[in-house]
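This note's numbering numbers the first residue of the sequence shown as 118 and each following residue consecutively. Backbone N, C-alpha and C define an ideal beta-carbon position, used for all residues, glycine too. Here the structure is a predicted model, which means the values were calculated and not measured.
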Amino acid sequence: MSENTVSRINVRGVNFNNTTLDGTVDALLSGVREKKQTALYTPNSEIVQACIEDESLYDVINSAELIIPDGIGVVKAAKILGTPFGAGKIAGCEVGEALIKRLAETEYTVFLLGGKPGVAEQAAAKLTEKYPGIRFAGFHDGYFKKEGEENDAVIAQVNESGADVLFVCLGAPAQEKWIYANRAKLTSANALLGLGGSLDVYGGIVKRAPKIFITLGLEWFYRLICEPWRFKRMLKLPKFYFGTWKYKIAKKL
(Lines of atoms letter the chains of each structure in order from A and count residues from 1; the text may use other names and numbers.)
(Lines give C-alpha, C1' and ligand atoms only; values in the text may rest on other atoms or scores of the structure.)
Protein backbone atom coordinates (compact mmCIF):
# COMPACT_ATOMS: atom_id res chain seq x y z
CA MET A 1 0.00 0.00 0.00
CA SER A 2 1.33 3.46 -0.88
CA GLU A 3 2.30 5.71 2.03
CA ASN A 4 -0.08 8.32 0.65
CA THR A 5 -3.08 5.99 1.04
CA VAL A 6 -2.42 5.02 4.67
CA SER A 7 -4.67 7.09 6.93
CA ARG A 8 -2.95 6.16 10.21
CA ILE A 9 0.69 5.47 10.98
CA ASN A 10 1.60 3.79 14.27
CA VAL A 11 4.85 5.10 15.73
CA ARG A 12 5.81 3.20 18.87
CA GLY A 13 2.15 2.86 19.89
CA VAL A 14 0.89 6.35 18.99
CA ASN A 15 -1.56 6.39 16.08
CA PHE A 16 -0.67 9.42 13.97
CA ASN A 17 -2.80 10.70 11.09
CA ASN A 18 -0.98 10.58 7.77
CA THR A 19 -2.22 13.95 6.58
CA THR A 20 -1.15 17.46 5.58
CA LEU A 21 -1.38 20.85 7.23
CA ASP A 22 -4.28 21.83 4.98
CA GLY A 23 -5.97 18.47 5.54
CA THR A 24 -5.69 18.94 9.30
CA VAL A 25 -7.25 22.41 9.16
CA ASP A 26 -10.02 21.13 6.88
CA ALA A 27 -10.83 18.38 9.36
CA LEU A 28 -10.96 20.84 12.28
CA LEU A 29 -13.26 23.18 10.37
CA SER A 30 -15.47 20.28 9.36
CA GLY A 31 -15.85 19.34 13.03
CA VAL A 32 -16.86 22.91 13.87
CA ARG A 33 -19.39 23.14 11.04
CA GLU A 34 -20.90 19.74 11.81
CA LYS A 35 -20.76 20.34 15.59
CA LYS A 36 -18.70 17.18 15.93
CA GLN A 37 -16.16 17.71 18.68
CA THR A 38 -12.65 17.10 17.33
CA ALA A 39 -9.46 17.09 19.40
CA LEU A 40 -6.01 17.74 17.92
CA TYR A 41 -2.80 16.62 19.61
CA THR A 42 0.68 17.29 18.25
CA PRO A 43 3.14 14.84 19.86
CA ASN A 44 6.88 15.05 19.26
CA SER A 45 9.35 12.28 20.04
CA GLU A 46 9.58 13.44 23.67
CA ILE A 47 5.87 12.79 24.15
CA VAL A 48 5.96 9.43 22.35
CA GLN A 49 8.88 8.44 24.61
CA ALA A 50 6.80 9.56 27.61
CA CYS A 51 4.06 7.17 26.45
CA ILE A 52 6.60 4.34 26.17
CA GLU A 53 7.72 5.02 29.74
CA ASP A 54 4.19 5.58 31.10
CA GLU A 55 1.76 3.43 29.15
CA SER A 56 -1.27 5.13 30.72
CA LEU A 57 -0.51 8.07 28.42
CA TYR A 58 -1.33 6.00 25.33
CA ASP A 59 -5.06 6.15 26.08
CA VAL A 60 -4.84 9.92 26.52
CA ILE A 61 -2.87 10.67 23.35
CA ASN A 62 -4.65 8.14 21.13
CA SER A 63 -8.07 9.47 22.16
CA ALA A 64 -7.71 12.47 19.82
CA GLU A 65 -9.37 12.43 16.42
CA LEU A 66 -6.35 14.19 14.93
CA ILE A 67 -2.77 13.33 15.92
CA ILE A 68 -0.02 14.96 13.87
CA PRO A 69 3.79 14.54 14.00
CA ASP A 70 5.18 17.78 15.41
CA GLY A 71 8.80 16.70 15.56
CA ILE A 72 11.49 15.52 13.17
CA GLY A 73 12.22 12.60 15.54
CA VAL A 74 8.74 11.16 14.98
CA VAL A 75 9.11 11.59 11.23
CA LYS A 76 12.47 9.79 11.25
CA ALA A 77 11.08 7.02 13.46
CA ALA A 78 8.20 6.41 11.03
CA LYS A 79 10.72 6.11 8.20
CA ILE A 80 12.87 3.70 10.22
CA LEU A 81 9.78 1.55 10.82
CA GLY A 82 8.97 1.49 7.11
CA THR A 83 5.84 3.65 7.27
CA PRO A 84 6.94 7.18 6.32
CA PHE A 85 4.62 10.16 6.53
CA GLY A 86 3.55 11.59 3.20
CA ALA A 87 3.89 15.21 4.32
CA GLY A 88 6.58 14.90 6.98
CA LYS A 89 6.49 17.10 10.07
CA ILE A 90 3.40 19.24 10.69
CA ALA A 91 3.97 21.93 13.31
CA GLY A 92 1.07 22.50 15.68
CA CYS A 93 1.92 26.20 15.82
CA GLU A 94 1.45 26.42 12.05
CA VAL A 95 -1.82 24.49 12.18
CA GLY A 96 -3.15 26.90 14.80
CA GLU A 97 -2.29 29.96 12.74
CA ALA A 98 -3.62 28.42 9.51
CA LEU A 99 -6.88 27.71 11.34
CA ILE A 100 -7.04 31.31 12.61
CA LYS A 101 -6.56 32.53 9.04
CA ARG A 102 -9.48 30.41 7.83
CA LEU A 103 -11.68 31.31 10.81
CA ALA A 104 -11.15 35.01 10.10
CA GLU A 105 -13.38 34.50 7.06
CA THR A 106 -16.21 33.06 9.19
CA GLU A 107 -18.35 33.98 12.19
CA TYR A 108 -16.79 31.29 14.38
CA THR A 109 -15.01 32.38 17.57
CA VAL A 110 -11.91 31.26 19.45
CA PHE A 111 -11.06 31.01 23.15
CA LEU A 112 -7.37 31.11 24.10
CA LEU A 113 -6.41 29.16 27.22
CA GLY A 114 -2.87 29.00 28.57
CA GLY A 115 0.37 30.87 29.02
CA LYS A 116 1.29 33.37 31.70
CA PRO A 117 -1.21 36.09 32.65
CA GLY A 118 -1.68 38.48 29.74
CA VAL A 119 -0.03 36.26 27.13
CA ALA A 120 -3.30 35.05 25.58
CA GLU A 121 -4.52 38.63 25.20
CA GLN A 122 -1.20 39.65 23.64
CA ALA A 123 -1.37 36.74 21.21
CA ALA A 124 -4.93 37.70 20.28
CA ALA A 125 -3.89 41.30 19.61
CA LYS A 126 -1.06 40.20 17.30
CA LEU A 127 -3.26 37.69 15.48
CA THR A 128 -6.01 40.28 15.04
CA GLU A 129 -3.50 42.64 13.42
CA LYS A 130 -2.55 39.90 10.99
CA TYR A 131 -6.06 38.48 10.43
CA PRO A 132 -8.51 41.35 11.08
CA GLY A 133 -11.64 39.22 10.73
CA ILE A 134 -10.82 36.85 13.58
CA ARG A 135 -13.15 36.91 16.58
CA PHE A 136 -11.97 35.94 20.06
CA ALA A 137 -14.57 34.85 22.59
CA GLY A 138 -12.36 34.94 25.67
CA PHE A 139 -9.04 34.32 27.39
CA HIS A 140 -7.63 32.65 30.46
CA ASP A 141 -4.05 32.01 31.55
CA GLY A 142 -2.76 28.55 32.32
CA TYR A 143 -2.21 29.15 36.02
CA PHE A 144 -5.21 27.44 37.58
CA LYS A 145 -5.81 24.18 39.44
CA LYS A 146 -6.65 21.51 36.88
CA GLU A 147 -9.36 19.93 39.00
CA GLY A 148 -12.01 20.97 41.49
CA GLU A 149 -13.83 24.28 41.72
CA GLU A 150 -11.13 26.36 40.05
CA ASN A 151 -11.04 24.04 37.07
CA ASP A 152 -14.84 24.00 36.84
CA ALA A 153 -14.88 27.80 36.82
CA VAL A 154 -12.53 27.89 33.83
CA ILE A 155 -14.67 25.38 31.96
CA ALA A 156 -17.77 27.44 32.75
CA GLN A 157 -16.03 30.55 31.39
CA VAL A 158 -15.20 28.76 28.14
CA ASN A 159 -18.75 27.41 27.79
CA GLU A 160 -20.39 30.75 28.60
CA SER A 161 -18.22 32.47 25.99
CA GLY A 162 -19.86 30.36 23.28
CA ALA A 163 -16.47 29.75 21.67
CA ASP A 164 -16.49 27.35 18.73
CA VAL A 165 -12.74 26.67 18.94
CA LEU A 166 -10.54 26.25 22.00
CA PHE A 167 -6.76 26.55 21.96
CA VAL A 168 -5.37 24.74 25.02
CA CYS A 169 -1.75 25.77 25.56
CA LEU A 170 -0.70 24.19 28.85
CA GLY A 171 2.35 22.27 27.66
CA ALA A 172 2.48 18.56 26.90
CA PRO A 173 1.29 16.21 28.23
CA ALA A 174 -0.63 18.43 30.70
CA GLN A 175 -2.82 19.92 27.96
CA GLU A 176 -3.70 16.51 26.49
CA LYS A 177 -4.57 15.19 29.95
CA TRP A 178 -6.74 18.25 30.57
CA ILE A 179 -8.64 17.90 27.30
CA TYR A 180 -9.04 14.14 27.84
CA ALA A 181 -10.46 14.68 31.33
CA ASN A 182 -12.72 17.61 30.49
CA ARG A 183 -13.85 17.41 26.87
CA ALA A 184 -17.27 16.03 27.79
CA LYS A 185 -17.83 19.13 29.95
CA LEU A 186 -16.86 21.53 27.14
CA THR A 187 -20.25 22.12 25.58
CA SER A 188 -19.63 24.90 23.05
CA ALA A 189 -16.21 24.28 21.51
CA ASN A 190 -16.12 21.67 18.75
CA ALA A 191 -12.41 22.01 17.96
CA LEU A 192 -10.01 21.43 20.86
CA LEU A 193 -6.36 22.02 20.00
CA GLY A 194 -3.44 21.16 22.29
CA LEU A 195 -0.82 23.64 21.09
CA GLY A 196 1.90 23.85 23.73
CA GLY A 197 3.78 27.15 23.66
CA SER A 198 2.05 28.52 20.57
CA LEU A 199 0.58 31.51 22.40
CA ASP A 200 4.10 32.72 23.22
CA VAL A 201 4.94 32.49 19.51
CA TYR A 202 1.76 34.23 18.36
CA GLY A 203 2.30 36.96 20.93
CA GLY A 204 5.88 37.59 19.80
CA ILE A 205 7.32 36.55 23.16
CA VAL A 206 9.19 33.57 21.72
CA LYS A 207 10.56 33.35 18.20
CA ARG A 208 10.44 30.16 16.17
CA ALA A 209 13.69 28.81 14.81
CA PRO A 210 15.04 30.42 11.63
CA LYS A 211 13.79 28.71 8.48
CA ILE A 212 17.14 27.01 7.82
CA PHE A 213 16.92 25.19 11.19
CA ILE A 214 13.35 24.08 10.42
CA THR A 215 14.28 22.92 6.91
CA LEU A 216 17.23 20.90 8.22
CA GLY A 217 15.15 19.35 10.99
CA LEU A 218 17.17 21.15 13.67
CA GLU A 219 14.44 23.21 15.30
CA TRP A 220 15.03 21.22 18.50
CA PHE A 221 18.70 22.26 18.45
CA TYR A 222 17.79 25.93 18.07
CA ARG A 223 15.44 25.67 21.05
CA LEU A 224 18.21 24.04 23.07
CA ILE A 225 20.59 26.90 22.22
CA CYS A 226 17.99 29.47 23.28
CA GLU A 227 16.80 27.49 26.32
CA PRO A 228 19.74 25.40 27.63
CA TRP A 229 17.69 24.39 30.66
CA ARG A 230 15.90 22.00 28.28
CA PHE A 231 19.02 19.81 28.09
CA LYS A 232 17.77 17.15 30.49
CA ARG A 233 14.45 16.90 28.62
CA MET A 234 16.28 16.70 25.28
CA LEU A 235 18.04 13.52 26.44
CA LYS A 236 14.80 11.72 25.59
CA LEU A 237 15.40 12.41 21.90
CA PRO A 238 18.42 10.09 21.37
CA LYS A 239 16.79 7.56 23.71
CA PHE A 240 13.74 7.54 21.45
CA TYR A 241 15.76 7.44 18.22
CA PHE A 242 18.04 4.54 19.17
CA GLY A 243 15.17 2.83 20.97
CA THR A 244 13.25 2.83 17.69
CA TRP A 245 16.07 0.96 15.96
CA LYS A 246 16.07 -1.61 18.77
CA TYR A 247 12.27 -1.85 18.48
CA LYS A 248 12.53 -2.42 14.71
CA ILE A 249 15.09 -5.19 15.15
CA ALA A 250 13.10 -6.86 17.96
CA LYS A 251 9.89 -6.78 15.93
CA LYS A 252 11.75 -7.83 12.74
CA LEU A 253 10.14 -4.98 10.82
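CA-to-CA distance, residue j to residue i, given in whole angstroms
i	j	result
F202	A308	24 Å
Y248	I217	8 Å
A221	G321	20 Å
V177	A156	11 Å
R325	C286	16 Å
P254	S278	The amino acid at residue 254 is misidentified as Pro; the sequence shows Ala. Going from the Cα of A254 to the Cα of S278 covers about 6 Å.
Q274	L354	38 Å
V128	I185	11 Å
S305	G250	21 Å
G265	D187	31 Å
N132	A242	35 Å
R125	A144	15 Å
Y225	K152	12 Å
G231	A301	19 Å
V149	E267	27 Å
K368	K206	25 Å
Where the beta strand (DSSP E) through residue i begins and ends
i	result
Y158	T155 to Y158
N268	No beta strand (DSSP E) contains N268, which is instead part of the alpha helix (DSSP H) from G265 to S278.
A308	A308 to G311
Neighbourhood of residue i by C-beta distance below 6 Å, restricted to the same chain and skipping five residues each side
i	result
A237	L229, F256 and L316
Q154	N307
T361	A194 and I197
Delimiting residues of the alpha helix (DSSP H) encompassing residue i
i	result
T223	It is not in any alpha helix (DSSP H) - T223 carries neither H nor E in the DSSP assignment.
G190	I189 to I197
I178	S173 to I178
I169	S162 to E170
V236	V236 to K247
S315	S315 to Y319
Within 8 Å, strictly: CB atoms of residue i and residue j
i	j	result
K365	I197	yes
T294	D258	The amino acid occupying residue 294 in the given sequence is Lys; Thr does not appear at that position. For K294 and D258, no; Cβs fall outside 8 Å.
W209	L312	The question names Trp, but residue 209 in the sequence shown is Gly. It is a contact, given that the beta carbons lie within the stated cut-off.
F162	F357	The question names Phe, but residue 162 is Ser in the sequence shown. Yes, the pair counts as a contact, with Cβ atoms nearer than the cut-off.
V212	V165	no
T136	A204	yes
V227	A181	no
I169	G199	no
A215	P290	no
Paired residues, beta bridge with residue i - DSSP
i	result
C286	G231
A144	Paired residue(s): none; A144 is not in a bridge.
F256	L229
R300	DSSP output for R300 lists no bridge partner at all.
F133	I126
Close Cβ partners of residue i (< 7 Å) along its chain, the five nearest in sequence each way excluded
i	result
S147	none
K262	N268
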